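S.K.: What follows is a structure written as structure tokens; I'll ask about it next.
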Amino acid sequence: MLAALRCVIHRDLLLAARRSSDVMTVLLFFVIVVSLFPLGIGPDPALLRTIAPGVIWVAALLASMLALQRMFASDHSDGTLEQMLLGATPLGMTVAAKVFAHWLVSGLPLVLISPVLALQFDFPQELLGVLTLSLALGTPVLSLIGAIGAALTLGLRGGGALLSLLVLPLYVPVLIIGAGSAEAAAAGIGGQPQLLLLGALLVFAGAFAPWAAAVALRISAE
Amino acid sequence: MEKTGIPSLEAIDLHCARGERSLFSALNFTLRGGELLRIGGPNGSGKTSLLRIACALLEPTRGEVRWAGENIRRLQEEFWRQIVYIGHASAIKDDLTSAENLRVACTLAGIRVQPARIGEALRELGLGGCENLPTRVLSQGQRRRVALARLALSEAMPLWILDEPFAALDAAAVERVQNLIAEQLARGAAVVLTTHLETRIATTLRIDLGGG
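Protein chains in written order, with our numbering: chain A, 3 to 224; chain B, 216 to 427.
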């Protein structure tokens with residue numbers, strides 16, 4: 003079973019490497035959206051410092067939204083999904099492997115580039131760690147929740163818009179807690195409680211979302 | 216896998232409706248090891264739906280399919296570990312090479328294969344020299360062969376379910392796939408297939424789905 007999971011992750015990374023434009027689109031979208039704010043608001047360091055965590059978090063959320071549709075779409079259209087449904091490995095595990103690979107190519111780059119983007123906002127350097135950690139804990143939760151939505155809207159006409167309507171409200175708690183951690187740290191009360199909550203959300207979503215997505219995939223495949 | 220221990224596939228009172236239209240109703244059959252079930256009928260008569268029901272991808276409107284006396288929708292992975300399903304869509308990724316595609320397909324199905332066997336299987340289907348080409352550059356028939364090469368590595372699976380295996384293949388490839396199926400039947404496994412082609416393999420069971 004581990005061999006199958008390794009194989010799925012390896013395959014998805016290989017596909018992403020051979021289609022690197024898809025990965026770059028998400029990353030560039032994130033960079034551009036975040037960079038638009040300092041340009042639009044103007045050089046007011048105090049204001050920029052205040053909005054930095056919120057802006058970066060909202061941009062990360064929209065960027066991961068953008069990548070969601072691709073999570074199962076190509077496997078659905080070429081029949082690979084059928085083979086996964088009929089695989090020897092429990093579908094929930096296969097989905098978990100796919101979500102992990104998806105996060106590696108669409109979530110992790112955002113986490114890694116966010117400290118650089120935060121500099122545009124004159125964000126205090128000692129708080130960069132909290133912001134990055136909150137994204138590192140939060141973006142996998144976004145991928146996991148998004149997987150359920152992507153599975154439910156698979157093969158639907160206008161699935162993209164429906165997917166946003168379905169998934170964005172579910173992202174709200176992650177956004178509030180995630181952006182709140184850096185804000186609390188900036189206010190001097192420490193972001194630890196929020197980070198712990200994000201960690202708890204990640205464990206919870208990691209345990210249940212793949213199975214929910216698996217059930218949704220079986221329904222979509224019928 | 217022992218030859219004698221191959222369970223049978225039973226369909227009991229199967230009904231299938233897609234939308235308003237009833238495709239077939241009250242369908243019964245029992246397929247034992249070493250037998251070939253060939254499903255015929257015009258386009259849109261429900262052949263693919265029947266295959267998808269037989270491998271538990273689709274839920275029948277009524278009735279059930281049993282493997283070794285158990286409903287396959289309850290057996291789940293235990294059943295799927297024993298079957299090969301090659302559907303209408305070949306499950307071939309354009310950006311992967313033939314060898315990578317075949318390796319992924321086998322790993323997903325839970326078949327452990329040596330890298331050398333993958334090359335052999337591709338050569339058996341007449342794809343020697345294409346192992347390391349992305350399937351994007353292959354023709355439709357060649358991609359179908361990549362998907363079917365999995366059969367050469369699936370001797371241990373007691374049930375093969377093949378949807379139009381001969382579509383898009385040339386005469387030589389049809390001959391090779393027929394040989395693979397005949398050898399598998401001789402090993403005592405069961406095969407279900409749909410085709411419009413006259414095959415030379417002895418058909419044990421035949422179901423012709425009418426247009427309604």
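Cβ atoms here follow ideal geometry from the backbone N, Cα and C, with glycine treated the same way.
All values derive from a computational prediction rather than experimental measurement.
For chain A, find out if any of its Cβ atoms is closer than 7 Å to the Cβ of E292 (chain B); answer yes or no.
M.R.: Here residue 292 (chain B) is taken as the residue at index 77 of the second sequence, counted from 1. Yes, E292 (chain B) counts as interfacial toward chain A.
S.K.: According to DSSP, which residues form a beta bridge with T409 (chain B)?
M.R.: Your numbering for residue 409 (chain B) matches position 194 in the second sequence. Note: T409 (chain B) sits in a beta bridge opposite B:I254, B:D378.
S.K.: Along chain B, which residues have their Cβ under 7 Å away from the Cβ of P175 (chain A)?
M.R.: Working through the first sequence from its first residue, we reach residue 175 (chain A) at position 173. Result: empty, since nearest Cβ-Cβ is about 33 Å, beyond 7 Å.
S.K.: Looking at the unbroken beta strand (DSSP E) that takes in T245 (chain B), where does it start and where does it end?
M.R.: For the purposes of this step, residue 245 (chain B) is identified with residue 30 of the second sequence, where counting begins at 1. Unbroken beta strand (DSSP E) run through T245 (chain B): 236-246.
S.K.: Spell out whether any CB of chain A is found under 7 Å from the CB atom of C270 (chain B).
M.R.: If you number the second sequence from 1, residue 270 (chain B) lands on position 55. At least one chain A Cβ lies under 7 Å of C270 (chain B).
S.K.: At what residues does the alpha helix (DSSP H) containing V361 (chain B) begin and finish?
M.R.: The sequence position of residue 361 (chain B) within the second sequence is 146, counting from 1. Run containing V361 (chain B): 355-363, per the alpha helix (DSSP H) assignment.
S.K.: With distances taken Cα to Cα, identify the nearest neighbour of G325 (chain B) among A:A218, A:L17, A:S222, A:L7.
M.R.: Locating residue 325 (chain B) in the second sequence gives position 110, counting from the first residue. Nearest C-alpha to G325 (chain B): A:L7.
S.K.: Roughly how many angstroms lie between the CA atoms of L224 (chain B) and L266 (chain B), to the nearest whole one?
M.R.: Your numbering for residue 224 (chain B) matches position 9 in the second sequence. Your numbering for residue 266 (chain B) matches position 51 in the second sequence. For L224 (chain B) and L266 (chain B), the distance between alpha carbons rounds to 12 Å.
S.K.: With a threshold of 8 Å on Cβ separation, who are the neighbours of T141 (chain A) within its own chain once the five nearest residues in sequence on each side are excluded?
M.R.: Here the question's residue 141 (chain A) lines up with position 139 in the first sequence. Answer for T141 (chain A): A62, S66, W105, G109, L110, L112, V113, listed in chain order.
S.K.: Please return the same chain residues whose Cβ sits closer than 7 Å to the Cβ of Y300 (chain B), not counting the five positions on each side in sequence.
M.R.: What you label residue 300 (chain B) is simply residue 85 of the second sequence in a count that begins at 1. For Y300 (chain B), where only same-chain residues beyond five positions count, the Cβ hits under 7 Å are C270, I376.
S.K.: Is it buried or exposed for N394 (chain B), if we count other Cβ within 10 angstroms and need 16 for buried?
M.R.: Looking up residue 394 (chain B) in the second sequence gives position 179. So N394 (chain B) ends up on the exposed side.
S.K.: Check the Cβ of E274 (chain B) against every Cβ in chain A and list those closer than 7 Å, keeping chain order.
M.R.: Here residue 274 (chain B) refers to the residue found at position 59 when the second sequence is read from its first residue. The contacting residues are E224.
S.K.: When the Cα atoms are used, what is the spatial distance from A120 (chain A) to I58 (chain A)?
M.R.: Position 118 of the first sequence, counted from the start, is the residue given in the question as residue 120 (chain A). Position 56 of the first sequence, counted from the start, is the residue given in the question as residue 58 (chain A). Computed Cα separation, rounded: 8 Å.
S.K.: Quick one: is R72 (chain A) near chain B, going by C-beta distance under 7 Å?
M.R.: Translated into positions along the first sequence, residue 72 (chain A) becomes position 70. False, the Cβ-Cβ gap to chain B never drops below 7 Å.
S.K.: Check for me: the alpha helix (DSSP H) holding A54 (chain A) runs from which residue to which?
M.R.: Indexing the first sequence from 1 puts residue 54 (chain A) at position 52. Element bounds for A54 (chain A): 47-70.
S.K.: Is D423 (chain B) helix, strand or coil by DSSP?
M.R.: Along the second sequence, read from residue 1 onward, the residue named residue 423 (chain B) stands at position 208. Residue state, collapsed to three classes: strand.
S.K.: Taking the beta strand (DSSP E) that I299 (chain B) falls in, what are its first and last residues?
M.R.: Within the second sequence, numbered from 1, the residue matching residue 299 (chain B) stands at position 84. Here residue 299 (chain B) turns out to be Val, not Ile, going by the sequence shown. Per DSSP, V299 (chain B) belongs to the beta strand (DSSP E) from 298-301.
S.K.: For A364 (chain B) versus L323 (chain B), is the C-beta spacing smaller than 7 Å?
M.R.: Position 149 of the second sequence, counted from the first residue, corresponds to residue 364 (chain B). Position 108 of the second sequence, counted from the first residue, corresponds to residue 323 (chain B). No, the pair does not count as a contact, with Cβ atoms beyond the cut-off.
S.K.: Grouping DSSP H, G and I as helix and E and B as strand, with all else coil, what is V97 (chain A)?
M.R.: Here the question's residue 97 (chain A) lines up with position 95 in the first sequence. Residue state, collapsed to three classes: helix.
S.K.: In chain order, what residues of the same chain lie with their CB nearer than 8 Å to the CB of G192 (chain A), ignoring the 5 residues before and after it?
M.R.: As a first step, residue 192 (chain A) must be located in the first sequence, where it is residue number 190. For G192 (chain A), where only same-chain residues beyond five positions count, the Cβ hits under 8 Å are A186.
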